[in-house]
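The structure appears right after this line, and notes come after that.
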Amino acid sequence: MATLLYRLGRGSMRRRRLVAAIWLVVLVGLGLAAATLRGPTASNFTMPGTESQRALDLLNEQFPAAAGATGTIAVKAPAPGQLGTPDGQAAIQSIVQEATTVPGVLAAVDPFQVGSVSPDGQYALIQVQFNDGADQITEEQREAYEQLGAQAEAQGWQVAPGGEVLNTEPEVGSTEAIGVAVALVVLVVTFGSLVAAGMTMLNALIGVGVGMAGLFALSGVIELTSTAPILALMLGLAVGIDYSLFITSRYRQNLLDGMPADEAIGRAVGTAGSAVTFAGATVVIALAGLAVVNIPFLTVMGLAAAGTVTVAVLVAITLQPALLGFAGRRVLPRRLRSSVPVALTADDLPDDAARRSDVTTHRAAPETATNGSEDTSAFGFRWVRLITRFRIPVILVGLLGLGLLALPAPDMRLALPDAGTAPVGSAARVSNDLITEGFGPGFTGRLAVVVAGDDAGATAAAIPQVTALVQRTDNVLAVAPPQLSPDGRTALLGVIPQTGPTDPATETMVHDIRTAVGDIQGADVLLTGVTAIGIDISEKLSDALPIYLALVVGLSILLLMLVFRSVLVPVKAALGFLLTVAATFGITVAVFQQGHLADLVGLDTPGPLISFLPILLIGILFGLAMDYEVFLVSRMREDFVHGDTAQQATINGMGHGARVVTAAALIMTSVFGGFIFLDDPVIKSMGFALAIGVAIDAFVVRMTIVPAVMSLLGKVAWWLPRWLDRALPNVDIEGEKLRARLDDKVGAGA
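The opening position of the sequence shown corresponds to residue 30 in this note's numbering, with each subsequent residue numbered one higher.
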């Protein structure tokens with residue numbers, strides 16, 4: 030692989046104009062495709078095979094008029110009892126009539142006809158039914174709906190439209206630019222060159238543009254959830270910058286070692302590019318592996334993010350060499366440019382010299398040559414010497430600290446987001462709070478019982494039994510009269526719990542109802558509704574989490590065994606990954622569920638974590654953790670194989686890689702952290718968890734615990750049984766075979 034990438038990088042630099050033109054055409058072409066083919070994103074989460082989803086499918090078939098989006102307008106009169114007066118009733122009738130004029134509204138239900146009036150006569154709920162689903166509601170329809178009741182509000186009434194019709198796609202605005210700006214600052218400080226930082230950032234942004242354009246171009250034929258593009262953007266930016274950073278850093282080092290430009294970029298792509306390709310492949314495999322959970326929206330999210338990561342890798346190993354070719358020696362700080370000879374390529378040499386070898390035309394100084402980029406007094410070397418000196422206390426303190434951070438993790442609760450956790454002041458939150466104030470929290474998460482018999486008689490006979498059983502269930506506040514389908518075979522009963530949608534008591538009630546009606550004869554009884562759907566999704570994801578975690582850990586051990594030709598190093602890496610995941614879960618639960626320091630992240634109302642966050646976090650952090658493991662430990666193995674002691678190899682690997690890995694981790698943390706400033710609590714929690722996870726894994730696990738453990742293990746860390754060594758293919762990620770081949774050809778040329 031290293032030899033192939035060496036040729037690819039060298040060829041991309043030599044034909045840089047062609048490579049840049051190709052990527053520009055791809056970017057423009059996909060941009061035009063996205064503009065013309067882009068489809069709407071979905072805000073709903075479906076879970077085939079669950080009871081709640083089967084009930085929804087049945088409702089869509091038997092009650093097509095109720096298949097569209099719904100809205101609930103909460104109304105509060107200026108004083109208690111006012112709804113019982115003629116003026117109050119007239120005001121409600123006016124709002125109902127106004128609601129029917131909103132484009133796309135099928136009907137608005139008079140609250141006096143269905144009893145949706147509070148006992149004190151001050152609150153009322155107006156149900157609004159749209160023709161189209163929530164994902165098809167236009168911005169004009171949504172604005173008209175939100176502006177309902179303006180006349181009543183002028184008279185002192187409070188009118189708060191809410192419901193699923195207000196579900197919108199999270200907006201990606203200027204807040205994410207903060208993370209990108211911080212990343213650019215880190216690049217400038219790391220490289221000491223605006224050109225190097227700019228080239229790296231430009232390369233990453235082009236990759237993100239291509240990936241996102243391709244994703245939106247496919248959205249017309251593939252249903253994307255509203256969070257899928259945000260996740261793809263997060264990962265595309267983060268890994269795109271990091272991968273370009275690693276290749277640029279190795280290219281600069283090769284220039285300082287005296288290599289000509291094409292040889293420097295060839296070796297950079299052959300070595301650092303091999304690590305980038307492997308690291309990217311682990312991220313892609315982990316994300317694509319979400320498909321094994323067999324949850325459609327999660328599969329689409331994983332594949333969307335995997336696609337952007339794939340593009341980031343391709344851009345890093347092709348476009349980045351081309352851009353570096355345009356930059357020349359300007360990727361180096363000014364103080365170092367004069368010490369490096371003009372970076373000639375084989376194209377600049379006489380024809381006979383250019384033909385002499387297809388690999389190299391100059392004898393390059395060894396890559397281990399001492400220069401300004403490998404100062405052994407640098408912080409990385411000082412840090413690792415301190416770590417290895419006190420390795421046992423470091424390991425114990427690290428394990429204790431991560432263990433303490435993980436303590437809240439067992440209390441994790443999962444649910445789908447509801448309006449009760451929406452940002453304070455948003456239309457959805459105002460409506461939710463008003464409903465809770467007037468009717469109780471249960472009215473914000475009503476359930477639906479679907480009774481389906483073989484014929485109308487069977488359904489009619491089952492309805493009284495179901496109603497009685499549901500009414501006797503603990504925590505049920507009320508059961509609405511049944512609505513029958515035109516053929517009478519299907520009935521719909523509304524159920525109002527006493528507690529809110531994400532309350533543990535509501536979850537218990539859902540299970541109790543299902544148990545109670547499970548023995549009804551002659552009809553299928555199914556419980557659904559947003560609350561039930563959320564419970565079903567959370568339970569299915571929780572059941573899949575241990576399986577997926579075992580798959581990811583097993584995959585990490587196998588992949589790292591291929592790379593490092595060791596048994597203990599992969600096991601150590603997997604255990605470190607588990608520490609990272611546990612600590613990340615603990616901190617995220619403490620902040621977003623328990624509310625500790627919630628103000629620092631702009632969280633208005635703590636609540637359960639989004640159902641898919643844990644399994645998604647495991648997939649993403651696995652890939653990113655393997656990034657840093659490969660970049661740090663591969664240098665340790667390289668030096669150990671070339672004759673250094675295990676202790677010295679550990680010091681060299683950390684010393685040479687600490688600066689770049691630190692910069693990469695700061696960049697990735699900054700990019701993810703930029704999404705914390707979004708109002709959407711789901712995106713906020715994803716950005717926070719990923720930022721914290723990357724920081725913990727990079728700085729605590731990989732740069733502290735890993736060198737301490739490697740120093741403690743010594744040469745035993747690199748033990749591999751002979752039979753296993755023969756069975757495993759050698760992927761040569763450090764480019765050992767490439768270096769040997771280059772050295773042989775240099776010697777032959779000399």
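Cβ coordinates follow ideal geometry from the N, Cα and C atoms, glycine included.
Only a predicted model underlies this, so the values are computations on that prediction, with no experimental measurement involved.
Contacting residues, own chain, Cβ-Cβ under 6 Å from Ala136 (five flanking each side not counted): Here residue 136 refers to the residue found at position 107 when the sequence shown is read from its first residue. Excluding five sequence positions before and after Ala136, the CB atoms of its chain that fall closer than 6 Å to its own CB belong to Gln158, given in chain order.
Complete alpha helix (DSSP H) runs within the region 649–729 (minimum length 4 residues, chain order): 675–703 and 710–724
Assumed close pair Asp525, Phe472 - CB separation to whole angstroms, cut-off 8 Å: Numbered from its first residue, the sequence shown carries residue 525 at position 496. Numbered from its first residue, the sequence shown carries residue 472 at position 443. Residue 525 is actually Ile in this sequence, not Asp. Right, the Cβ-Cβ distance comes to about 6 Å (below 8 Å), so this counts as a contact.
Where Phe92 sits in the DSSP three-state scheme: Here residue 92 corresponds to residue number 63 of the sequence shown, with the count starting at 1. Phe92 falls in the coil class under three-state DSSP.
CB contact flag (Leu253, Gly68, <9 Å): Taking the first residue of the sequence shown as position 1, residue 253 is located at position 224. Taking the first residue of the sequence shown as position 1, residue 68 is located at position 39. Yes, the Cβ-Cβ distance between Leu253 and Gly68 is below 9 Å.
Secondary structure of Phe159, DSSP reduced to three states: By one-based count along the sequence shown, residue 159 stands at place 130. Strand.
Best match in Pro637, Ala561, Gly716 and Arg475 for proximity to Gly523 [C-alpha to C-alpha]: Counting from one through the sequence shown, the residue named residue 523 turns up at place 494. For the residues Pro637, Ala561, Gly716 and Arg475, the minimum Cα distance to Gly523 belongs to Arg475.
Glu536 classed as buried or exposed, judged by whether at least 16 other C-beta atoms fall within 10 angstroms: Position 507 of the sequence shown, counted from the first residue, corresponds to residue 536. Counting Cβ neighbours within 10 Å, Glu536 comes out buried, since at least 16 surround it.
Span separating the alpha-carbon of Val237 from that of Leu266: Here residue 237 refers to the residue found at position 208 of the sequence shown. Here residue 266 refers to the residue found at position 237 of the sequence shown. Rounded to the nearest whole angstrom, the C-alpha separation of Val237 and Leu266 is 6 Å.
Extent of the continuous beta strand (DSSP E) to which Thr337 belongs: Locating residue 337 in the sequence shown gives position 308, counting from the first residue. Judged by DSSP secondary structure, Thr337 falls outside any beta strand (DSSP E) and instead within the alpha helix (DSSP H) spanning Pro325 to Leu343.
Beta-carbon separation (whole angstroms), Gly331 vs Gly648, contact threshold 8 Å: The count along the sequence shown starts at 1 and reaches residue 331 at position 302. The count along the sequence shown starts at 1 and reaches residue 648 at position 619. Taking the Cβ atoms as the reference, Gly331 lies roughly 7 Å from Gly648, within the contact range of under 8 Å.
Cα-Cα separation, Phe606 to Met230: Numbered from its first residue, the sequence shown carries residue 606 at position 577. Numbered from its first residue, the sequence shown carries residue 230 at position 201. Going from the Cα of Phe606 to the Cα of Met230 covers about 28 Å.
With 16 other Cβ atoms within 10 Å as the buried cut-off, status of Lys713: The count along the sequence shown starts at 1 and reaches residue 713 at position 684. When all chains shown are included, Lys713 counts as buried.
Same chain, Cβ closer than 6 Å to Leu195, neighbours up to 5 away in sequence not counted: By 1-based counting over the sequence shown, the position of residue 195 is 166. The answer, listed in chain order, is Ala456 and Ala457.
Backbone secondary structure at Ala382 - three-state DSSP: Looking up residue 382 in the sequence shown gives position 353. Here the model assigns Ala382 a pLDDT of 40, short of 50, so the residue's position is not dependable, and the following value carries that caveat. Helix.
Nearest residue (CA-CA) to Gly110, options Glu80, Pro93 and Val146: The count along the sequence shown starts at 1 and reaches residue 110 at position 81. Per the Cα distances, Val146.
Met715: CB within 8 Å of a non-hydrogen atom of the ligand FMN: No copy of the ligand FMN occurs in the structure displayed, which carries no ligand at all.
Per-residue burial, Ala293 [other beta carbons within 10 Å of its own, 16 or more giving buried]: In the sequence shown, the residue the question calls residue 293 occupies position 264. It is buried - the Cβ of Ala293 has at least 16 other Cβ atoms within 10 Å.
Contact under 9 Å by Cβ, Leu608 with Val312: Indexing the sequence shown from 1 puts residue 608 at position 579. Indexing the sequence shown from 1 puts residue 312 at position 283. No, the Cβ-Cβ distance between Leu608 and Val312 is not below 9 Å.
Beta-carbon proximity of Lys601 to Leu742, cut-off 9 Å: Translated into the one-based positions of the sequence shown, residue 601 becomes position 572. Translated into the one-based positions of the sequence shown, residue 742 becomes position 713. Yes. Within cutoff.
Buried versus exposed call for Gln91 [16 or more other C-beta atoms within 10 Å across all chains shown]: The residue labelled residue 91 in the question sits at position 62 within the sequence shown. Classification of Gln91: buried, given that the 10 Å Cβ count is 16 or more.
C-beta atoms of Leu244 and Ala63 nearer than 9 Å: Reading the sequence shown from its first residue, position 215 is the one you call residue 244. Reading the sequence shown from its first residue, position 34 is the one you call residue 63. Contact: yes.
Exposure of Thr531, with buried meaning 16 or more beta-carbon neighbours within 10 Å: Along the sequence shown, read from residue 1 onward, the residue named residue 531 stands at position 502. Buried, because 16 or more other Cβ atoms sit within 10 Å of the Cβ of Thr531.
Any chain D beta carbon closer than 9 Å to Thr417: Included in the structure is just one protein chain, with no chain D present.
Candidates Leu88, Leu587 and Ala84, of which the one nearest Leu753 by Cα: Position 724 of the sequence shown, counted from the start, is the residue given in the question as residue 753. Of the listed residues, the one whose Cα sits closest to Leu753 is Leu587.
CB of Val268 within 9 Å of CB of Val338, strictly: Taking the sequence shown and counting its residues from 1, one reaches residue 268 at position 239. Taking the sequence shown and counting its residues from 1, one reaches residue 338 at position 309. Yes, they are a contact pair.
For Leu604 and Met288, the rounded distance between their alpha carbons: Mapped onto the sequence shown, residue 288 falls at position 259. Mapped onto the sequence shown, residue 604 falls at position 575. Taking the straight line joining both Cα atoms gives about 40 Å.
Cβ-based burial, Gln176 [other Cβ within 10 Å; buried from 16]: Start at 1 with the first residue of the sequence shown, and residue 176 comes out as number 147. Under this definition Gln176 is an exposed residue.
As assigned by DSSP and simplified to three states, the class of Leu352: Indexing the sequence shown from 1 puts residue 352 at position 323. DSSP places Leu352 in helix when its eight states are reduced to three.
Beta-carbon separation (whole angstroms), Pro190 vs Ser460, contact threshold 8 Å: Along the sequence shown, read from residue 1 onward, the residue named residue 190 stands at position 161. Along the sequence shown, read from residue 1 onward, the residue named residue 460 stands at position 431. Sure, about 6 Å apart at Cβ, within 8 Å.
Unbroken beta strand (DSSP E) run spanning Gln176, endpoints: Taking the first residue of the sequence shown as position 1, residue 176 is located at position 147. From DSSP, Gln176 is part of no beta strand (DSSP E); its letter is neither H nor E.
Contacts around Val539, its chain only, beta-carbon distance under 8 Å, and the 5 residues preceding and following it disregarded: Looking up residue 539 in the sequence shown gives position 510. Excluding residues within five positions, the ones whose Cβ falls inside 8 Å are Leu476, Leu556, Thr560, Ala561 and Ile564.
Straight-line gap, Leu348 to Arg411 (C-alpha atoms, nearest Å): Mapped onto the sequence shown, residue 348 falls at position 319. Mapped onto the sequence shown, residue 411 falls at position 382. Cα-Cα distance, rounded: 35 Å.
Beta-carbon gap between Val215 and Ile644 smaller than 9 Å: Locating residue 215 in the sequence shown gives position 186, where the first residue counts as 1. Locating residue 644 in the sequence shown gives position 615, where the first residue counts as 1. No; because the gap between Cβ atoms is not below 9 Å, this pair is not in contact.
Three-state class that DSSP yields for Pro510 in the structure shown: The count along the sequence shown starts at 1 and reaches residue 510 at position 481. Three-state result, Pro510: coil.
Per-residue DSSP class, three states only, for Met30: One-based indexing of the sequence shown puts residue 30 at position 1. Note: Met30 maps to coil in three-state DSSP.
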